[in-house]
C-alpha cells in the first residue's frame, strides 16, 4: 500500500453539492483524475452547510437583459431558487465570491457547446472545460466497463423498463423524467396535465415517477394506458437514452440530465422547474436548438395541449427534424471533446500538469 501511494502524482479532494445531479458527474470527473495518475478523494457529507441570507443590491426592472457571452435573457430564463429557501441564493453567491482568485475553474461542459460563455468567463478567471462527465461507455470508451456512475444506486430492477423498450419500434417512445431525489416535483394539477398529455399523445411513453407523485395521477391512469405506457419509480437513464426505441426525453433540464441527453444525441422537451433549469432550457431551445421548451399559460400552468404540442413537434414535426440533426451534432462534438486530444481531454491534462508540477 505504501508503494502504491508513492505512484500518485498528487492528491485531489473533490467536494460536490450533496445531490445525485452533482455527486454523479463529480464522481465521473474523479475517475478521470485517477486515469491521469492522481490520487482522488470524493467527500460526501451528511449535512448541507447553512449560508447567510443574500439579496441582489440592484434588482432588474426591465427585460430582456443583455449579458456578454449569453443570449438575451427574459425573466423566465433566470435561475429560480424559491422564495422560502433564501440560503440557495447565498450558496450560489458564495461560490463566486472569490472565483477570480482561483488558479483554475473546472467546468462540467465542453468548449464546443458553450464557446461564447467560456470565452467571456475566461476573461475573469482561468476556465477549463472538462466535460461532459458521463461514463465513458457512452462517449470515448476510455475506461473498460465504465457504464455507470457507481454511486447512489438503487435496488430497483432495471430490466423491467429495458425489456419493455426493446419491444418497441425505433424512435416511438417518449421518455419522461422530470424529478430527482424527490424534491423537484410538480403540484397535483400540473402532474395531471402532464399525465393527460402523455395519455392523449398516441405515443408509447416510459415515465419515471416517484411513488408520492403517482398518488396524484388521474384515477385509473395506469390501467387506461397500460397498452402504451410504463410507469416505474426509477430508470437507468443512460441506458434508456441510448435505446433506439426512445425518440425524445421530457426533462426538467437539470444540468446532469441535459448533458446526458446532449451526449447521447437525444432531443429534449423542456419543462424546467427551479435552480439552473430555466437557463438550461433557454439554451436547449434558443441556442443549441436541440429541443422545445413548454410554455405556461397566464396561471403558470403547462397545459396538456401545450405539452402535447411540444412532444408532437419534436417527435414528428418539421422543427423536430432540425432538432434531431442538432442533437446528433452536439453528441458527436461531446465524444470528440473527451477523446484523446479533444478539448476536454487536453484541458484535463493541463490541469494534471499544473497541480503535479506545484506539488
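In full-length UniProt numbering, the protein residues as written are 1 to 359. Even for Gly, the Cβ is constructed at its ideal location relative to N, Cα and C.
Going by C-alpha positions, residue 313 is about 10 Å away from residue 291. In the structure shown, the three-state DSSP call for residue 137 is helix. Secondary structure within the segment 8 to 42: the beta strand (DSSP E) runs of 3 or more consecutive residues, fully enclosed, are 11 to 14 and 39 to 42 (chain order). The Cβ neighbour count for residue 265, taken over all protein chains shown within 10 Å, is at least 16; the residue is labelled buried.
The alpha-carbon of residue 26 is positioned some 31 Å away from that of residue 230. Within the segment 233 to 285, the beta strand (DSSP E) runs of at least 3 residues that lie entirely inside it are, in chain order, 246 to 251 and 268 to 270.
Look at the beta carbons and you see the segment 251 to 264 not touching the segment 301 to 321: under three pairs across the two are nearer than 8 Å.
Cβ-Cβ distances below 6 Å link residue 204 to 168, 172, 173 and 228 in the same chain, with the five nearest sequence neighbours on each side left out; the list follows chain order.
Around the CB of residue 321, fewer than 16 other CB atoms lie within 10 Å, so the residue is classed as exposed.
DSSP places residue 164 within a helical segment (H, G or I) once states are collapsed to three.
Residue 343 places its beta carbon 8 Å or farther from that of residue 138.
Contact check for residue 252 against residue 179 passes: the beta carbons are separated by less than 8 Å. Judged by DSSP in its simplified three-state form, residue 177 adopts strand. For a cut-off of 8 Å, the C-beta gap from residue 348 to residue 130 is around 5 Å, short enough to register as a contact. Restricting attention to 96, 279 and 239, the CA atom closest to the CA of residue 288 is found in 279. Between residue 8 and residue 29, the C-beta spacing is not below 8 Å.
About 7 Å separates the CB atoms of residue 193 and residue 301; that is less than 8 Å, so the two are in contact. Comparing C-alpha distances from residue 117 to each of 271, 341, 283 and 335 shows the shortest one belongs to 283. Annotation note: the segment 323 to 359 contains no uninterrupted beta strand (DSSP E) run of length 3 or greater. Residue 291: member of the beta strand (DSSP E) spanning 291 to 293, first to last residue. By the criterion of a C-beta distance shorter than 7 Å, residue 310 is surrounded in its chain by 269, 292 and 294, once the five residues flanking it on both sides are discounted. Here residue 91 carries a helix assignment [DSSP, helix/strand/coil].
The secondary-structure analysis by DSSP pairs residue 205 across a beta bridge with 174 and 229. Taking every protein chain shown into account, the CB of residue 206 has 16 or more other CB atoms within 10 angstroms, so this residue is buried. Under the three-state reduction of DSSP, residue 127 is assigned to strand. Following the DSSP letters along the chain, one finds residue 105 inside the beta strand (DSSP E) bounded by residues 105 to 107. Where residue 122 is concerned, there is no enclosing alpha helix (DSSP H), because DSSP gives it neither an H nor an E. If the five residues before and after residue 221 are omitted, its C-beta is found closer than 6 Å to the C-beta atoms of 195, all from its own chain and listed in chain order. The beta carbon of residue 121 is closer than 6 Å to those of 127 in its chain, skipping five residues each way along the sequence.
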